[in-house]
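Participant:
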Amino acid sequence: MLSCLSILLAFTVALVAGADGVSTNATCSSAFAWSFNSLGQTPCLVAAYLGSTCNNGLFMVPALTSQNNGYIGPTVSQAAASEQCACSSVFYSLLSACADCQSGLVIPWDTFKTNCSQVFEAVFAKSIPTGTSVPHWAYQNFPSGGSFNATLAQLQLNAPESTSTPTATSAPPAASSHPSSKKSKAGPIAGGVVGGIAALVLLGIAVFWFLRQRRRGGTLVPGSVSIRSTGTGEITPYTSANPTPKLYNPADPSTFPSSPSTRMYAGSRVHSPSASGGTMTELSMHRTTQYSGAPEV
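Under the working numbering, the first residue of the sequence shown is numbered 17, with each subsequent residue one higher.
Below, the structure is given as structure tokens:
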């Protein structure tokens, strides 16, 4: 009876052939060229790259033989030591494609993860190592009892691959200073908004004053100065036509009245018989005097 090759063997070979680093001696059929990544790497080699992130950078995926025709999941001790790699469905998909391209046995996902206390569905918890890229088809989900499906994988060949991402230490300095740069721009923006509002208010006041002056038809308050047109296009200022009158000054002839003034004095009352017989009518007598211009007491 044919048996499956344990992942334990892959870890053991990696430790023995530590100088080889990440490697595989498995050969895929040309019919599975679609499973190669954009770098021309087989799913077997990509699986070795992912496994190396949990094994100090060392991992080898051995070729299947007539005695070992498939890859089974990790043992309890392997799952505890390399859970983020060995218990990932992405790692399982790549190993299953590796087995399929060698005409080997593909075991169900539920069987592969039997010894995992924590399972990573459709995600690889570790960072993708440099030097490789993971095809999008390796991130497919598996229903209960499901297995890797090569036909479904080929429908996702145009999706982008996953590659290594920059660490926090390699992030550009501008990324960490971005929030403060936003904050520093808030002050100038607020000042510009306030200044714009103030300018609009002043403009509104000026327009209101101008329209009010037009409705008044150029009427002037005494002592004020306005503008008038000469009819020839020339604009000239002029003053109010009603200057404030001067107070009377005995030493200043210009303050004297220009014409005689009449002052009315109440006279004595006289009584005369009325035509109706006997009633009295009160008449006021008046006299007119010429104002001499001299002060009066």
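Beta carbons are placed, not taken as given, at the ideal position from N, Cα and C, and that holds for glycine.
Note that the structure is a prediction, hence the values are computed from the model and not measured.
Please report the residue range of the beta strand (DSSP E) in which S39 lies.
Facilitator: Taking the first residue of the sequence shown as 1, we reach residue 39 at position 23. 38–40 is the extent of the beta strand (DSSP E) around S39.
Participant: Taking the beta carbon of N157 as the centre, do at least 16 other beta carbons fall within 10 Å, making it buried, or is it exposed?
Facilitator: In the sequence shown, counting from the first residue as 1, residue 157 sits at position 141. So N157 counts as exposed.
Participant: By alpha-carbon positions, which one of F136, Q83, A95 ends up nearest to G120?
Facilitator: Numbered from 1 along the sequence shown, position 104 holds the residue referred to as residue 120. Nearest option by C-alpha distance: Q83.
Participant: Write down the C-beta distance between V77 and C114 rounded to the nearest angstrom, noting that I regard them as a contact closer than 8 Å.
Facilitator: Walking along the sequence shown from the start, residue 77 turns up at place 61. Walking along the sequence shown from the start, residue 114 turns up at place 98. Confirmed, about 6 Å.
Participant: Just verifying my parser: in three-state terms, what is the DSSP assignment at F48?
Facilitator: For the purposes of this step, residue 48 is identified with residue 32 of the sequence shown, where counting begins at 1. Reduced to three states, the DSSP call for F48 is helix.
Participant: Do the CB positions of C103 and V135 come within less than 8 Å of each other?
Facilitator: Numbered from 1 along the sequence shown, position 87 holds the residue referred to as residue 103. Numbered from 1 along the sequence shown, position 119 holds the residue referred to as residue 135. Against a cut-off of 8 Å, the Cβ pair of V135 and C103 comes out as a contact.
Participant: Under the three-state reduction of DSSP, which class applies to L66: helix, strand or coil?
Facilitator: Here residue 66 corresponds to residue number 50 of the sequence shown, with the count starting at 1. It is helical.
Participant: Consult DSSP for L121 and reduce its assignment to one of helix, strand or coil.
Facilitator: Position 105 of the sequence shown, counted from the first residue, corresponds to residue 121. Correct three-state label for L121: strand.
Participant: Going by the DSSP bridge assignment, what does S104 pair with across the sheet?
Facilitator: Within the sequence shown, the letter at position 88 stands for residue 104. Looking at the DSSP assignment, S104 forms a beta bridge with F136.
Participant: Please report the distance separating the alpha-carbon of L62 from that of L110.
Facilitator: Against the sequence shown, residue 62 aligns to sequence position 46. Against the sequence shown, residue 110 aligns to sequence position 94. The sequence shown places Val at residue 62, rather than the Leu named in the question. Their backbone Cα atoms lie some 7 Å apart in a straight line.
Participant: By DSSP's criteria, F75 is part of a beta bridge. Which residues make up the other side?
Facilitator: Sequence index remark: in the sequence shown, residue 75 carries index 59 (1-based). F75 pairs with V38.
Participant: Look up G220 in the DSSP assignment and say whether it is helix, strand or coil.
Facilitator: On the sequence shown, position 204 is the one that residue 220 refers to. G220 falls in the helix class under three-state DSSP.
Participant: Could you tell me whether the segment 85–97 touches the segment 151–165, using the rule of 3 or more Cβ pairs below 8 Å?
Facilitator: Verdict: no, contact absent.
Participant: For a quick check, are the C-beta atoms of L74 and A42 less than 8 Å apart?
Facilitator: Taking the first residue of the sequence shown as 1, we reach residue 74 at position 58. Taking the first residue of the sequence shown as 1, we reach residue 42 at position 26. In this structure, A42 does not lie closer than 8 Å to L74 by Cβ.
Participant: Which word fits A169, buried or exposed, when buried means at least 16 other C-beta atoms lie within 10 angstroms of its C-beta?
Facilitator: The count along the sequence shown starts at 1 and reaches residue 169 at position 153. So A169 counts as buried.
Participant: Quick check on G315: does DSSP put it in helix, strand or coil?
Facilitator: Residue 315 cannot be examined here, being either before or after the span of the chain that is shown, 17 to 313.
Participant: Please name the residue in S46, W50, Q57 whose C-alpha comes closest to that of T40.
Facilitator: On the sequence shown, position 24 is the one that residue 40 refers to. Nearest option by C-alpha distance: Q57.
Participant: Kindly identify the DSSP beta-bridge partner or partners of V150.
Facilitator: Position 134 of the sequence shown, counted from the first residue, corresponds to residue 150. DSSP, once it has assigned bridges, lists S178 as partnering V150.
Participant: For G89 and N131, I'd like the C-alpha separation in whole angstroms.
Facilitator: Taking the first residue of the sequence shown as 1, we reach residue 89 at position 73. Taking the first residue of the sequence shown as 1, we reach residue 131 at position 115. Near 8 Å, if we compare the C-alpha coordinates of N131 and G89.
Participant: T69 and S143 look like a contact to me (Cβ under 8 Å); what is the Cβ gap, rounded to whole Å?
Facilitator: The residue given as residue 69 occupies position 53 in the sequence shown. The residue given as residue 143 occupies position 127 in the sequence shown. That belief holds up - the Cβ atoms of T69 and S143 are roughly 7 Å apart, short of 8 Å.
Participant: Just confirm the distance between the C-beta atoms of V106 and Y65, as a whole number of angstroms; I'd bet it's less than 8 Å.
Facilitator: In the sequence shown, the residue the question calls residue 106 occupies position 90. In the sequence shown, the residue the question calls residue 65 occupies position 49. Actually they are not in contact, since the Cβ atoms of V106 and Y65 sit about 11 Å apart, beyond 8 Å.
Participant: Please name the residue, chosen from P269, S54, S180, that lies closest to T146 on a Cα-to-Cα basis.
Facilitator: As a position in the sequence shown, residue 146 is number 130, starting the count at 1. Cα-wise, what sits closest to T146 is S180.
Participant: Starting from the Cα of W50, find the closest Cα among N85, G207, Y87, C117 and give me that residue.
Facilitator: Mapped onto the sequence shown, residue 50 falls at position 34. Answer by Cα proximity: C117.
Participant: Which value, in whole angstroms, describes the spacing of the CA atoms of S277 and F224?
Facilitator: Sequence index remark: in the sequence shown, residue 277 carries index 261 (1-based). Sequence index remark: in the sequence shown, residue 224 carries index 208 (1-based). Legend: pLDDT at S277 = 46, less than 50; position of this residue unreliable, value from coordinates given subsequently. About 47 Å.
Participant: Quick one: measure Cβ to Cβ for V122 and S133, integer angstroms, because I've assumed they're closer than 8 Å.
Facilitator: As a working note, residue 122 is residue 106 in the sequence shown. As a working note, residue 133 is residue 117 in the sequence shown. Wrong, their Cβ atoms sit about 24 Å apart, outside the cutoff.
Participant: Using only CA atoms, which one of N53, G207, Y87 lies nearest to F128?
Facilitator: Residue numbering aside, residue 128 sits at position 112 when the sequence shown is read from its first letter. For the residues N53, G207, Y87, the minimum Cα distance to F128 belongs to Y87.
Participant: Which same chain residues, not among the five before or five after A175, have their C-beta less than 6 Å away from its C-beta?
Facilitator: For the purposes of this step, residue 175 is identified with residue 159 of the sequence shown, where counting begins at 1. For A175, where only same-chain residues beyond five positions count, the Cβ hits under 6 Å are H152.
Participant: Would P124 pass as a contact of G161 if the rule is Cβ separation under 8 Å?
Facilitator: The residue given as residue 124 occupies position 108 in the sequence shown. The residue given as residue 161 occupies position 145 in the sequence shown. Taking 8 Å as the Cβ cut-off, P124 and G161 qualify as a contacting pair.
Participant: For E177 versus N53, is the C-beta spacing smaller than 8 Å?
Facilitator: To locate residue 177, count along the sequence shown from 1; it is residue 161. To locate residue 53, count along the sequence shown from 1; it is residue 37. Yes, Cβ-Cβ distance for E177 and N53 is below 8 Å.
Participant: Going by DSSP in three states, D126 sits in which element: helix, strand or coil?
Facilitator: To locate residue 126, count along the sequence shown from 1; it is residue 110. Residue state, collapsed to three classes: helix.
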